[in-house]
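Just so you know, we're using this note's numbering here: the sequence shown kicks off at 1376 and counts up by one. A virtual CB, placed ideally from N, CA and C, is assigned to each residue, including glycine.
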Amino acid sequence: MERKPFDKNKRRIFDIRERIRKLWVQVKELHDSPHYVALGLAIGVFVAATPTFPF
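Set out below in C-alpha coordinates:
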(Lines of atoms letter the chains of each structure in order from A and count residues from 1; the text may use other names and numbers.)
(Lines give C-alpha, C1' and ligand atoms only; values in the text may rest on other atoms or scores of the structure.)
Protein backbone atom coordinates (compact mmCIF):
# COMPACT_ATOMS: atom_id res chain seq x y z
CA MET A 1 0.00 0.00 0.00
CA GLU A 2 1.42 3.34 -1.05
CA ARG A 3 1.36 6.24 1.38
CA LYS A 4 0.28 9.59 0.07
CA PRO A 5 2.26 12.63 1.19
CA PHE A 6 0.46 14.81 3.69
CA ASP A 7 -1.14 17.74 1.94
CA LYS A 8 0.12 21.05 3.36
CA ASN A 9 -3.21 22.72 2.59
CA LYS A 10 -5.03 20.25 4.83
CA ARG A 11 -2.59 21.04 7.62
CA ARG A 12 -3.24 24.76 7.18
CA ILE A 13 -6.98 24.18 7.39
CA PHE A 14 -6.52 22.27 10.64
CA ASP A 15 -4.26 25.02 11.98
CA ILE A 16 -6.86 27.66 11.14
CA ARG A 17 -9.60 25.62 12.79
CA GLU A 18 -7.45 25.19 15.89
CA ARG A 19 -6.73 28.93 16.06
CA ILE A 20 -10.42 29.76 15.71
CA ARG A 21 -11.31 27.23 18.40
CA LYS A 22 -8.71 28.68 20.80
CA LEU A 23 -9.91 32.21 20.11
CA TRP A 24 -13.51 31.16 20.76
CA VAL A 25 -12.51 29.61 24.09
CA GLN A 26 -10.72 32.82 25.06
CA VAL A 27 -13.78 34.91 24.22
CA LYS A 28 -16.06 32.61 26.21
CA GLU A 29 -13.76 32.82 29.25
CA LEU A 30 -13.71 36.63 29.33
CA HIS A 31 -14.99 38.09 32.57
CA ASP A 32 -16.72 41.05 31.02
CA SER A 33 -20.20 41.96 29.88
CA PRO A 34 -21.37 40.95 26.40
CA HIS A 35 -21.78 44.64 25.60
CA TYR A 36 -18.05 45.33 26.00
CA VAL A 37 -17.07 42.19 24.09
CA ALA A 38 -19.31 43.23 21.18
CA LEU A 39 -18.00 46.80 21.35
CA GLY A 40 -14.40 45.58 21.19
CA LEU A 41 -15.23 43.34 18.25
CA ALA A 42 -16.95 46.20 16.43
CA ILE A 43 -14.00 48.53 16.96
CA GLY A 44 -11.58 45.84 15.78
CA VAL A 45 -13.58 45.17 12.62
CA PHE A 46 -13.85 48.91 11.92
CA VAL A 47 -10.10 49.46 12.29
CA ALA A 48 -9.28 46.40 10.18
CA ALA A 49 -11.65 47.51 7.41
CA THR A 50 -10.42 51.11 7.35
CA PRO A 51 -8.01 51.65 4.48
CA THR A 52 -4.63 53.13 5.33
CA PHE A 53 -3.28 56.03 3.34
CA PRO A 54 0.47 56.33 2.80
CA PHE A 55 1.98 59.72 3.51
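With C-beta atoms as the reference, is residue 1412 less than 8 Å away from residue 1402? yes
My output table needs one value for residue 1407: the three-state DSSP class, helix, strand or coil. coil
Distance check for residue 1426 and residue 1397, CA to CA, integer angstroms please. 28 Å
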